[in-house]
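From first to last, the protein sequence lines stand for chains Z and H.
54 is the number that this note's numbering gives to position 54 of the first sequence; each next residue is one higher, with no gaps.
18 is the number that this note's numbering gives to position 18 of the second sequence; each next residue is one higher, with no gaps.
Backbone N, C-alpha and C fix where the C-beta goes; we use that ideal spot for every residue, glycine too.
Keep in mind it's a predicted model, so treat the numbers as computed, not measured.
Only one structure is covered here, and it is reproduced in the block below.
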Amino acid sequence: MTTTALGTWRKPPLAYVVAELVISPYYSMAAKVPGLQDRLRSAFPRTIEAKELVIDGAKPSAQPLWQLMSVDLKHGVQLGTRSISLHATSYVQSSDFLGRWAEVLDAIQAAELGAFVERAGLRYIDLIVPKEGRSPADYLAPGLRGIEPEGGSSTGAMWATAFQFDGSLVNLRAAAPAPQGLLLPPEFNALPLNKPVVMLEAEKRLKAEASIGFVDTDCIKDIAKVFDAGELLGAYAEMQKLTSKTFKAALSDIAKGEWM
Amino acid sequence: MSDTIQTRHYTARQAALLQRPPSDIIEAADSIVDVLGTRDQFTVQLNYSSTRVYGAHVNIIGAGAAGRGPAAALTAGTKVVVLSTSWPTTAPELLVDLDDYQAENSWSRWSGEAKKALQNAASTAPRQTTAAARWRVERLSSLQAAFGFTIQDLAAVLDITRPQLYKWLDATNDIKLQEASRARLATVEHMAKEWTSRSTVPLSSVSKEPLTAGGTAFALLSADVINDATVIGAFDELVGKLHGQPKSRSQRLRDAGFTRRPSVRALPSDE
Numbered sequence: 001m002t003t004t005a006l007g008t009w010r011k012p013p014l015a016y017v018v019a020e021l022v023i024s025p026y027y028s029m030a031a032k033v034p035g036l037q038d039r040l041r042s043a044f045p046r047t048i049e050a051k052e053l054v055i056d057g058a059k060p061s062a063q064p065l066w067q068l069m070s071v072d073l074k075h076g077v078q079l080g081t082r083s084i085s086l087h088a089t090s091y092v093q094s095s096d097f098l099g100r101w102a103e104v105l106d107a108i109q110a111a112e113l114g115a116f117v118e119r120a121g122l123r124y125i126d127l128i129v130p131k132e133g134r135s136p137a138d139y140l141a142p143g144l145r146g147i148e149p150e151g152g153s154s155t156g157a158m159w160a161t162a163f164q165f166d167g168s169l170v171n172l173r174a175a176a177p178a179p180q181g182l183l184l185p186p187e188f189n190a191l192p193l194n195k196p197v198v199m200l201e202a203e204k205r206l207k208a209e210a211s212i213g214f215v216d217t218d219c220i221k222d223i224a225k226v227f228d229a230g231e232l233l234g235a236y237a238e239m240q241k242l243t244s245k246t247f248k249a250a251l252s253d254i255a256k257g258e259w260m
Numbered sequence: 001m002s003d004t005i006q007t008r009h010y011t012a013r014q015a016a017l018l019q020r021p022p023s024d025i026i027e028a029a030d031s032i033v034d035v036l037g038t039r040d041q042f043t044v045q046l047n048y049s050s051t052r053v054y055g056a057h058v059n060i061i062g063a064g065a066a067g068r069g070p071a072a073a074l075t076a077g078t079k080v081v082v083l084s085t086s087w088p089t090t091a092p093e094l095l096v097d098l099d100d101y102q103a104e105n106s107w108s109r110w111s112g113e114a115k116k117a118l119q120n121a122a123s124t125a126p127r128q129t130t131a132a133a134r135w136r137v138e139r140l141s142s143l144q145a146a147f148g149f150t151i152q153d154l155a156a157v158l159d160i161t162r163p164q165l166y167k168w169l170d171a172t173n174d175i176k177l178q179e180a181s182r183a184r185l186a187t188v189e190h191m192a193k194e195w196t197s198r199s200t201v202p203l204s205s206v207s208k209e210p211l212t213a214g215g216t217a218f219a220l221l222s223a224d225v226i227n228d229a230t231v232i233g234a235f236d237e238l239v240g241k242l243h244g245q246p247k248s249r250s251q252r253l254r255d256a257g258f259t260r261r262p263s264v265r266a267l268p269s270d271e
């Protein structure tokens, strides 16, 4: 069993982090993968070849995917014809994660992809595993808890909104409790990485039919430019601050006291 | 329950890692075998460079003796010549662009190369930096701002040598941090964050003050393993000491409402 915990908080709820660049369809990606793989091999020596089903219009098509994984399966880079991303289930702190992402960006720059970057995204999945005697909703700010009619108890509640910042949009989705059986948020494709402690704990609770929750914080920024590693890293540093600010605003004092 | 996340698209296959052999060198070695096929066993050692000639003084003597002329082309326009195959235990040496090499004596070649090097140095564009290198330097600068340590002390805290730290601080140096170094840097950053959340005074001003439990904050930070809780406890104690210290003259003046007059030479960012 892994004992990975994410973040520098006392009891970090962070379970999964993704930094992703959505690129304009790049059909010759297969030709660029050997070069990228060579540059990333020291950090990501394991390779998984996969396919993704792209449903664009009426006819779905299968596109190749390459997943380059670290030896310990805590980090992975996914290269596709429509996106390039870094996934992590190990996260010391933002500067470390962005440092790793910078290395991936440099590899892309050196491989001279010249891809047109449509959008940058940074998504954090935090899991709420409540302490004995508490409910997942206790961990959310009072404004996100919704209503509870007399005599009724919620078996699944989701709250979502998008916050517009200067040039960036942060989508916050909080589920407390999450719909029964749901571990990770909907519309979230994870790489086969090692599970962190909090995810294993959440799974145990789900098996015991106890409730959990999640906070899904996704910051996106339109780039609409040809790839430039330095410029993109600067954008990510800003996006990280917005994501962190939004996430902290969604927490109750109980959550801050228990986790931070 | 599996330890790894199971995805719908998971179609794991053992992908063959792309191992690209240095084909040019292998081809060159093969061609030497062809040339020297009739000779005894020998070891091939390739002193090969596209820009420079190696082993000049030794091999030029044997050039006319056992050499068989151009043996193979490593890359277009580059000649490879077997200069010496004198005995089995001695490796044949390969020199590049032999004609040019023989045409000049060593002094004129040296002066020519020196001139070329100077011209290159004058015309070479500044070395490129990478996003990762700039990010690393930025992280180290933030650490310096929080701690105010000397290079020697910062290197000790990061558990590296001073020359290594200079390399880390060079944004044109594209080095990849080892996992242990990454972890140490992240831990030290976390400690810096803890300090700056307590005080705006650089830690260096009190880092070597003795603590009640013995030792100093600097010693705790430069230990092999940084104990977060102990260091944070030490920070709390040092912050208490800082508050108890009498104010300096400049602090008293600032509290009284005096501000520093902006210097004519001050940069806009100073304000």
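With a beta-carbon spacing of about 7 Å, Z/Thr217 and Z/Arg123 fall inside the 8 Å limit used to define contacts. With a threshold of 8 Å between beta carbons, Z/Glu103 makes contact with chain H. Under the DSSP assignment, Z/Val22 falls in the beta strand (DSSP E) whose first and last residues are 14–23. Only residues of its own chain outside the window of five on either side were considered, and among them Thr81 have a CB closer than 7 Å to the CB of Z/Tyr27, listed in chain order. The residue among Z/Leu21, Z/Asp38, Z/Glu258 with its C-alpha nearest the C-alpha of Z/Asp222 is Z/Leu21. A straight line joining the alpha-carbon of H/Ala156 with that of Z/Ala30 spans about 45 Å. Take Z/Ala160, set aside five residues on each side of it, and the residues of its chain with a beta-carbon closer than 8 Å to its own are Asn171, Leu172, Arg173, Ala174, in chain order. Looking at the DSSP output, Z/Ala43 shares a beta bridge with no other residue. Taking a C-beta distance under 8 Å as the contact criterion, Z/Leu193 and Z/Ala15 do not qualify as a contact pair. Residues of the segment 211–234 of chain H with a C-beta atom less than 9 Å from some C-beta of chain Z are Asp228, listed in chain order. In the DSSP annotation of this structure, the continuous segment of the alpha helix (DSSP H) that includes Z/Ile108 starts and ends at 94–110. Counting along the chain, the unbroken alpha helix (DSSP H) around H/Thr187 starts and ends at 179–196. Proximity of H/Thr130 to chain Z, defined by a Cβ-Cβ separation below 8 Å, is satisfied.
Annotation: H/Gly257 is outside any beta strand (DSSP E) and is labelled neither H nor E by DSSP. Among the CB atoms of chain Z, none fall inside 8 Å of the CB of H/Thr196. Fully contained in the segment 196–224 of chain Z are the following alpha helix (DSSP H) runs of length 4 or more, in chain order: 197–207. For H/Ile151, the enclosing alpha helix (DSSP H) stretches over residues 151–157.
For Z/Asp218, no Cβ of chain H is located within less than 8 Å of the residue's own Cβ. According to the DSSP secondary-structure assignment, Z/Ala120 is paired through a beta bridge with Z/Leu21, Z/Lys221. For H/Trp135, there is no enclosing beta strand (DSSP E); the residue is part of the alpha helix (DSSP H) that begins and ends at 131–147. Cβ-Cβ distances below 8 Å link Z/Leu233 to Leu98, Trp101, Ala102, Leu105 in the same chain, with the five nearest sequence neighbours on each side left out; the list follows chain order. Within a 10 Å sphere around the beta-carbon of Z/Tyr236 sit 16 or more other beta-carbons, which makes this residue buried. For the segment 188–202 of chain Z, the set of positions with a beta-carbon nearer than 9 Å to some beta-carbon of chain H reads Asn189, Ala190, Leu191, Pro192, Leu193, Asn194, Lys195, Met199, Leu200 in chain order.
For Z/Lys51, the beta-bridge partners assigned by DSSP are Z/Pro64. The beta carbon of Z/Ala141 does not come within 8 Å of any beta carbon belonging to chain H, so the residue lies off that interface.
Here the alpha carbons of Z/Ala50 and Z/Asp228 stand approximately 27 Å from one another. Less than 8 Å separates the beta-carbon of Z/Pro60 from that of Z/Leu53. Note: Z/His87 is bridge-paired with Z/Val18, Z/Gly76 in the DSSP secondary-structure output. As DSSP reads the structure, Z/Met158 sits in a beta bridge with Z/Ala175. Note that the C-beta distance between H/Ala192 and H/Ala217 is not below 8 Å. Counting only Cβ-Cβ distances below 8 Å, H/Arg184 has no contacts in chain Z at all, with the closest Cβ about 10 Å away.
Contact check between the segment 130–143 of chain H and the segment 155–170 of chain H: three or more CB pairs, one atom from each, fall below 8 Å, which counts as touching. In this structure, the beta-carbon distance from Z/Pro136 to Z/Ile55 does not fall below 8 Å.
Between H/Phe147 and H/Leu158, the CB-CB gap reaches or exceeds 8 Å. Here the alpha carbons of H/Val225 and H/Ala133 stand approximately 26 Å from one another.
Burial is judged here by how many other beta carbons sit within 10 angstroms of a residue's own beta carbon; Z/Asp96 has at least 16 and is buried.
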